[in-house]
Amino acid sequence: MVETISVIKHQHHHPLIIAIDACLGKPNEIGNIEVWEGGLQAGIAVGNRLPCVGDISIIGVVNSGGHLGYLDLQSTPLSIVVKLSKVISLALRDAVPVLEEQSAVCMLSC
Numbered sequence: 599m600v601e602t603i604s605v606i607k608h609q610h611h612h613p614l615i616i617a618i619d620a621c622l623g624k625p626n627e628i629g630n631i632e633v634w635e636g637g638l639q640a641g642i643a644v645g646n647r648l649p650c651v652g653d654i655s656i657i658g659v660v661n662s663g664g665h666l667g668y669l670d671l672q673s674t675p676l677s678i679v680v681k682l683s684k685v686i687s688l689a690l691r692d693a694v695p696v697l698e699e700q701s702a703v704c705m706l707s708c
């Protein structure tokens, strides 16, 4: 992943990197989507220590987290993952043209 991010940053001038991940949460958070400015560190719930990635982060809470980590994720119904994926992808589809327009306006006036 570090190599891929390096290639992206080398090939594109100031790329906006959006990190998206599924995560575990509390039972009442299942189905929630959270967005924030800054990177995310994927894989913590399953014991992976991946580098922090992204300028904007989006997470979808797909299951409740327990002490099982990886098994908790593996027992997640695919329907929840698909539902959250569709919502996030449609939101990005609608947001990208707006971001591009704002970027173009800023380049002309900033």
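Numbering (the working numbering), first residue to last: 599 to 708. In this text, a Cβ means the ideal position worked out from N, Cα and C, and glycines have one as well.
Around the beta carbon of I631, fewer than 16 other beta carbons sit within 10 angstroms, so the residue counts as exposed. Excluding sequence positions up to five before and after I616, its CB lies within less than 8 Å of the CB of G652, D653, I654, S655, I656 and L690, all in the same chain and listed in chain order. With contact defined as three or more Cβ pairs closer than 8 Å, the region 663 to 679 and the region 603 to 612 are not in contact. As DSSP reads the structure, L688 sits in no beta bridge. Counting along the chain, E601 sits inside the alpha helix (DSSP H) bounded by residues V600 to Q609. In this structure, V659 lies near E627, with their beta-carbon atoms less than 8 Å apart. A direct Cα-Cα distance of roughly 6 Å separates Q639 from L648.
Using a Cβ distance threshold of 8 Å, G641 and C650 do not count as a contacting pair. Closest in C-alpha terms to Q672, from the list V696, A693, C621 and P625, comes C621.
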